[in-house]
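Below is one structure, written out as structure tokens, with a few remarks after it.
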Amino acid sequence: MDEGLSVIRVRDVLIVTMPADPDDPTVAALQESVLVALEQFGARGVVLDVSAVETLDSFFARTVAETAQMIGLMGGQTVLAGMRPSVAITATQLGLTLGTAMTAMDVDRALDLLGHE
Amino acid sequence: MIRKDGSARAIEITLQDWEQRKKFSGFSDEDAQLLQQLQPVAEAFADAVVEELYRQFLNFEETRNFFSDSAMLARVKAAQKIYFLGLTAGDYGEKYFENRLHIGRIHQKIGLTPRWYMGAYSIYAQLVFPRVIEAVKPAEKALRTFGALLKLIALDTELAITTYIAASEEVISRQAREIMEIATPVIQVWEGVVIAPLIGTLDSGRTQQFMEQLLVRLVDTKSSIALVDITGVPAIDTQTAQHLVETVSAVRLLGAQVILTGIRPAIAQTIVHLGVDLSGIVTRSSLTAGLRVAFDLAGVTVRARNGPSMPASVPPNKEPQGTLM
Amino acid sequence: MSSPPLSKLHIRAEIDMVAVRRSLRVAASELGFGITDVTRIVTAASELSRNIFRYAGSGTMKWRALDEGGRTGIEITFEDKGPGIVDVEQAMQSGYSTGGSLGMGLPGAQRLMDDFDIRSSIGKGTTIVIKKWVRR
Numbered sequence: 192m193d194e195g196l197s198v199i200r201v202r203d204v205l206i207v208t209m210p211a212d213p214d215d216p217t218v219a220a221l222q223e224s225v226l227v228a229l230e231q232f233g234a235r236g237v238v239l240d241v242s243a244v245e246t247l248d249s250f251f252a253r254t255v256a257e258t259a260q261m262i263g264l265m266g267g268q269t270v271l272a273g274m275r276p277s278v279a280i281t282a283t284q285l286g287l288t289l290g291t292a293m294t295a296m297d298v299d300r301a302l303d304l305l306g307h308e
Numbered sequence: 197m198i199r200k201d202g203s204a205r206a207i208e209i210t211l212q213d214w215e216q217r218k219k220f221s222g223f224s225d226e227d228a229q230l231l232q233q234l235q236p237v238a239e240a241f242a243d244a245v246v247e248e249l250y251r252q253f254l255n256f257e258e259t260r261n262f263f264s265d266s267a268m269l270a271r272v273k274a275a276q277k278i279y280f281l282g283l284t285a286g287d288y289g290e291k292y293f294e295n296r297l298h299i300g301r302i303h304q305k306i307g308l309t310p311r312w313y314m315g316a317y318s319i320y321a322q323l324v325f326p327r328v329i330e331a332v333k334p335a336e337k338a339l340r341t342f343g344a345l346l347k348l349i350a351l352d353t354e355l356a357i358t359t360y361i362a363a364s365e366e367v368i369s370r371q372a373r374e375i376m377e378i379a380t381p382v383i384q385v386w387e388g389v390v391i392a393p394l395i396g397t398l399d400s401g402r403t404q405q406f407m408e409q410l411l412v413r414l415v416d417t418k419s420s421i422a423l424v425d426i427t428g429v430p431a432i433d434t435q436t437a438q439h440l441v442e443t444v445s446a447v448r449l450l451g452a453q454v455i456l457t458g459i460r461p462a463i464a465q466t467i468v469h470l471g472v473d474l475s476g477i478v479t480r481s482s483l484t485a486g487l488r489v490a491f492d493l494a495g496v497t498v499r500a501r502n503g504p505s506m507p508a509s510v511p512p513n514k515e516p517q518g519t520l521m
Numbered sequence: 007m008s009s010p011p012l013s014k015l016h017i018r019a020e021i022d023m024v025a026v027r028r029s030l031r032v033a034a035s036e037l038g039f040g041i042t043d044v045t046r047i048v049t050a051a052s053e054l055s056r057n058i059f060r061y062a063g064s065g066t067m068k069w070r071a072l073d074e075g076g077r078t079g080i081e082i083t084f085e086d087k088g089p090g091i092v093d094v095e096q097a098m099q100s101g102y103s104t105g106g107s108l109g110m111g112l113p114g115a116q117r118l119m120d121d122f123d124i125r126s127s128i129g130k131g132t133t134i135v136i137k138k139w140v141r142r
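Chains as they are written, first to last, in my numbering: chain A, 192 to 308; chain B, 197 to 521; chain C, 7 to 142.
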């Protein structure tokens with residue numbers, strides 16, 4: 192099972208797909224990979240696809256919030272897409288926040304959201 | 197007994213209850229002694245009694261079906277003998293009690309209704325009576341011994357039935373929960389819009405189940421608006437209000453939003469007095485008003501053939517139509 | 007009356023947390039917990055095992071199935087011989103905040119579970135026992 196994240200560029204948006212149960216180094220790599228790709232492609236938005244993610248704990252949430260903030264500083268927008276209901280309920284009960292990241296039901300809607308800006 | 201998740205355990209029989217039942221039936225230490233003295237006699241005729249009991253069971257079609265395979269019949273007979281000898285073991289405390297509870301649960305699981313094992317107890321009494329009269333002297337002592345046995349059998353019967361009922365009620369409450377799921381439907385009324393009318397009291401368990409159902413339906417229908425109507429909810433406490441707030445937050449994580457409607461004056465007062473923060477959540481007093489907002493957010497205009505179109509009011513967060521020149 | 011099996015994992019490195027999550031996900035599912043409760047259990051365990059790694063360096067997680075009064079549950083124990091928590095009460099109150107220290111996330115883990123028991127001695131270590139029952 193490939194536990195790495197993947198980064199794809201679609202026009203001027205980056206789509207980052209997270210694996211089902213990323214270990215801490217993979218989550219930390221999210222920040223690095225995204226910012227580097229952002230600069231390289233001059234993307235104006237990042238879609239973080241978490242549809243496969245089964246556990247979203249405080250470390251993951253904090254990384255997402257920080258990354259969204261950094262993306263913002265670099266002039267981009269962040270959308271978290273496809274969160275599973277069980278993960279959404281747990282994250283809410285845990286009191287996690289995602290900072291400035293927006294949310295969308297799936298990658299398609301996330302792209303719509305970024306397109307309308 | 198209510199558990200943390202709000203569900204109730206139908207009947208919880210404690211050791212204390214057992215001691216109380218014994219006292220109530222007048223089952224004394226003397227009774228326990230008499231029964232214990234009967235043990236060597238009981239051991240002598242245990243096999244014969246068990247054989248006769250099962251001969252009766254196999255005689256009737258309804259009970260014969262429970263003992264269809266011979267390996268199972270052998271196991272059950274062995275267990276029955278142990279049970280029978282337990283009646284004269286002399287110790288009628290915690291271990292005895294736990295064992296009898298266990299029997300009731302098993303009977304419920306295999307579907308052996310009280311009707312049939314009540315029959316079994318009667319048969320025991322009939323089979324044992326002449327043997328006790330024969331084995332215990334004088335006759336007066338034999339009667340007291342038999343009396344003790346009857347008291348114990350009555351106690352056992354009551355336990356077995358109570359446990360059977362409790363186990364059945366567990367099945368019923370599980371089914372009630374399943375009905376509840378059907379009773380909290382999440383219905384798609386338009387592309388991207390679902391309505392969830394909540395009716396009845398919301399306890400913690402029910403609200404959590406609703407939360408899951410709502411979010412799953414939102415994903416299934418790819419909806420971005422959930423109209424949650426609480427007109428049918430008579431009262432709301434802090435925990436339920438808290439769960440509603442959590443529901444709204446969880447829905448947001450899915451990129452959708454909640455419009456909360458049906459907030460009646462009593463509930464509005466409760467929410468404010470409880471200090472629950474519902475700011476940031478769109479709320480309306482009626483389902484119709486909520487629909488107006490929902491349709492507007494969904495970019496839908498509803499127009500009566502003769503009359504005004506809906507939404508009739510200026511939609512929130514939008515510039516008025518037309519420009520001023 | 008609780009029943010085996012008892013399962014134990016050592017937490018020494020970040021990678022061990024993946025094993026913690028994976029084994030608890032399987033265990034909780036097999037015990038009959040619904041998907042959301044499985045997620046709650048795994049997430050709480052993720053938080054608590056990360057604490058061990060972060061504050062104590064190493065420790066253990068062990069879990070066992072519970073069977074009491076006809077209901078099924080899971081009990082998970084997190085143990086370390088680390089420095090211990092100086093102010094347990096304060097730790098049980100500090101939650102998450104955006105931008106800033108997140109504390110140990112103990113109240114969050116408590117909210118996700120049905121029972122939460124913490125014992126800590128300075129210089130000796132910390133033991134946290136959490137339980138959750140299958141919703142019937």
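Glycine included, C-beta positions come from ideal geometry on N, C-alpha and C.
Where residue i sits in the DSSP three-state scheme
i        : result
B:Leu283 : coil
C:Ile218 : Nothing about residue 218 of chain C can be read from this structure; chain C reaches only from 7 to 142.
A:Val198 : strand
C:Ile58  : helix
B:Ala275 : helix
C:Lys68  : strand
B:Gln453 : strand
A:Leu302 : helix
B:Phe253 : helix
B:Arg480 : strand
A:Val207 : strand
A:Ala292 : coil
C:Asp22  : helix
C:Ser126 : strand
C:Thr132 : strand
B:Arg499 : strand
B:Asp213 : helix
Test item: CB-CB of residue i and residue j under 8 Å
i        : j        : result
C:Phe84  : C:Ile134 : yes
A:Leu239 : A:Val278 : no
C:Asp80  : C:Lys138 : The question names Asp, but residue 80 of chain C in the sequence shown is Ile. Yes, the pair counts as a contact, with Cβ atoms nearer than the cut-off.
C:Arg46  : A:Asp212 : no
B:Gln371 : B:Ser400 : no
C:Ile82  : C:Thr132 : no
A:Leu289 : A:Val255 : yes
A:Gly267 : A:Arg300 : no
C:Glu20  : A:Pro216 : yes
B:Ala452 : B:Ile421 : yes
B:Ala437 : B:Ile467 : yes
B:Thr284 : B:Leu231 : yes
Backbone CA spacing between residue i and residue j [nearest angstrom]
i        : j        : result
C:Trp69  : C:Asp86  : 15 Å
A:Phe250 : B:Ala464 : 37 Å
B:Glu257 : B:Gln235 : 33 Å
B:Lys291 : B:Asp227 : 18 Å
C:Thr104 : A:Asp248 : Reliability of the predicted coordinates at C:Thr104 is poor, the pLDDT of 36 falling under 50, and no value is obtained from them.
A:Val241 : B:Ala500 : 43 Å
B:Thr427 : B:Leu440 : 14 Å
B:Phe223 : C:Gly76  : 29 Å
B:Phe491 : B:Leu423 : 11 Å
B:Phe280 : B:Lys219 : 22 Å
A:Leu302 : B:Ile368 : 48 Å
B:Leu398 : A:Gln284 : 18 Å
A:Glu257 : A:Val207 : 16 Å
A:Met265 : C:Lys14  : 45 Å
B:Ile455 : B:Asp425 : 8 Å
C:Asp43  : B:Ala446 : 15 Å
C:Phe39  : C:Ile136 : 15 Å
B:Phe253 : B:Thr259 : 5 Å
B:Gly307 : B:Ala363 : 11 Å
B:Asp416 : A:Ile262 : 31 Å
C:Asp73  : C:Glu36  : 14 Å
B:Val489 : B:Gly396 : 25 Å
Residue-level contact to chain E via CB, residue i, 8 Å cutoff
i        : result
C:Arg141 : Of the chains in the structure shown, none is chain E; the protein chains are A, B and C.
Bridge-paired residues (DSSP) for residue i
i        : result
C:Trp139 : C:Gly79
C:Asp86  : C:Gly65 and C:Thr132
C:Glu74  : C:Arg77
* Length at least 3, wholly inside the segment 361-444 of chain B: the beta strand (DSSP E) runs in chain order -> Counting only runs of 3 or more, we get 383-386, 389-395 and 421-428.
* Mind listing, in chain order, the continuous alpha helix (DSSP H) runs of no fewer than 4 residues lying wholly within the segment 237-289 of chain A? => Whole alpha helix (DSSP H) segments, 4+ residues: 249-264 and 276-285.
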